[in-house]
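Data block below; observations after.
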Amino acid sequence: MNDGRSIDLTVATLEGEAAQQIAPSREEIEPPPVSVAGGYYGRPYLKPPVWIWSIPTYFFVGGIAGSAMTMGWAAQMFGGREFRRFEQHCRWVGALGGCVGTALLIHDLGRKERFLFMLRVFRPTSAMSVGSWVLATATPLSAGSALLARADRPLRQLGDTAGAAAGLLGMPLAAYTAVLLANTAVPLWRESRRSLPLLFAASSMASMASLFELMSLSNREQAVVRRFGTIGRAGELAASLQLEREAGPAVKPLRQGAPGTLWNAASVLTASSLVVSLLPGKGRKKRILSGVLGLLGSACVRFAVFHAGKASARAASPEPELPRFPE
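Using our numbering, the letters of the sequence shown correspond one by one to residues 1 to 327.
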């Protein structure tokens, strides 16, 4: 069965991680032929990842959840009673985002028990292992802190402790997926290993602030969200430029085809969102426009990096180094 994993069903069973996910497209299964000198028997050295759409969607949703958890912790530490409602909003967004992210991961894995299998061990050297544990721990902590926000004092204090723990875990949750990508052999992701975590972290800040701009907030809460969003959007634009410089020749898939369109759209949408948010006025229509543009821009960043990485893997066929005679 030529489904991208080269499994012959007459001698083996199509089981294991990601076995039941949707098969890749024909273009991904049969990449353009390359010369024997540039590959292995006329095939590229690398196969593109078999991840489907649920993975870049998880990158986007998980980034929002992680940033919301951290923002809720900051509101708890420095906001006082005035920001208790805002703090609760952050906790609920973090909890719901974590639940949706878990569902997206399970959808990609194909079976629910595979997510539990990922939690059998904790390996600090594996970004996937650390990220799985962060997601599985931060989500119930954020949900518990939200549920106990209005309880009596002993239980409320327990909820605040859970909220602080979720806030600490929210920081790696917002950006660990970039570290996961950078630890692969995919050329674009590997070559941008320094700037990619910064891009995902800034984009998570921008998308979280954009989501909160769609909510009904007080004037002080709006001011906090606006500052947070300005930092995130400016950081996202700067990190995008840095990624293009750092990736070198591997950035080519990010400048052409569908990934290039998404990448350019992300820059335009994020810049437009930044400009709109900085315009004078506090009207609701202005905030909604800025929020929608910011969310679309951050989503385009994740999907552009994801699809460009897969394209760079299909195109990876460097010429072999010829042997040299000793001088």
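A virtual CB, placed ideally from N, CA and C, is assigned to each residue, including glycine.
First and last residue of the uninterrupted alpha helix (DSSP H) at residue i
i: M118; result: Element bounds for M118: n/a, residue is neither H nor E.
i: E246; result: N219 to A247
i: G131; result: A127 to L147
Rounded C-alpha distance that separates residue i from residue j
i: I347; j: A178; result: The structure shown has nothing for residue 347, since the chain only spans 1 to 327.
i: G309; j: V50; result: 12 Å
i: G63; j: A143; result: 17 Å
i: S203; j: V301; result: 8 Å
i: E221; j: F86; result: 7 Å
i: R73; j: G167; result: Looking at the sequence shown, residue 73 is not Arg but Trp. If you take the alpha carbons of W73 and G167, they lie about 5 Å apart.
i: L199; j: L274; result: 16 Å
i: L116; j: K286; result: 43 Å
i: I231; j: S195; result: 16 Å
i: A37; j: P48; result: Since pLDDT at A37 reaches only 43, below the 50 mark, its modelled position is unreliable, and the value read off the structure follows with that caveat. Between A37 and P48, the C-alpha separation is close to 20 Å.
i: I55; j: R233; result: 22 Å
i: R284; j: S298; result: 21 Å
i: S216; j: Y45; result: 52 Å
i: F333; j: A151; result: There is no way to answer for residue 333, as the model of the chain reaches only from 1 to 327.
i: T125; j: L180; result: 11 Å
i: L295; j: F122; result: 33 Å
i: A315; j: V186; result: 10 Å
i: W133; j: F60; result: 18 Å
i: T162; j: G79; result: Checking the sequence, you will find Ala at residue 162 rather than Thr. Rounded to whole angstroms, A162 to G79 spans 17 Å at the Cα level.
i: A174; j: L119; result: 19 Å
i: A311; j: L241; result: 20 Å
i: Q88; j: G257; result: 42 Å
i: A75; j: A313; result: 42 Å
- Does the region 132-139 come close enough to the region 93-111 to have 3 or more Cβ pairs within less than 8 Å? yes
- Message: If contact is defined by three or more beta carbon pairs under 8 Å, each pair taking one atom from either stretch, is the region 238-251 in contact with the region 182-193?
- Response: yes
- Item | Ranges of the alpha helix (DSSP H) found wholly within the region 156-213, counting only runs of at least 4 | Correct list: 187-191 and 195-213.
- Item | Whole alpha helix (DSSP H) elements within the region 267-314, 4-residue minimum | 284-314
- Message: My parser needs the alpha helix (DSSP H) runs of 4 or more residues fully inside the region 57-122; what are they?
- Response: Segments of the alpha helix (DSSP H) lying fully in the region 57-122: 84-109 and 112-117.
- Query: Is the region 209-219 touching the region 283-299, taking contact as three or more C-beta pairs under 8 Å?
  - Reply: The region 209-219 vs the region 283-299: in contact.
- Query: Touch check for the region 144-156 and the region 103-117: three-plus C-beta pairs under 8 Å?
  - Reply: Judged by Cβ distances under 8 Å, the region 144-156 makes no contact with the region 103-117, as fewer than three pairs qualify.
- Message: Does the contact criterion of 3 or more C-beta pairs under 8 Å hold for the region 262-271 versus the region 235-243?
- Response: Judged by pairs of C-beta atoms under 8 Å, the region 262-271 touches the region 235-243, as three or more such pairs exist.
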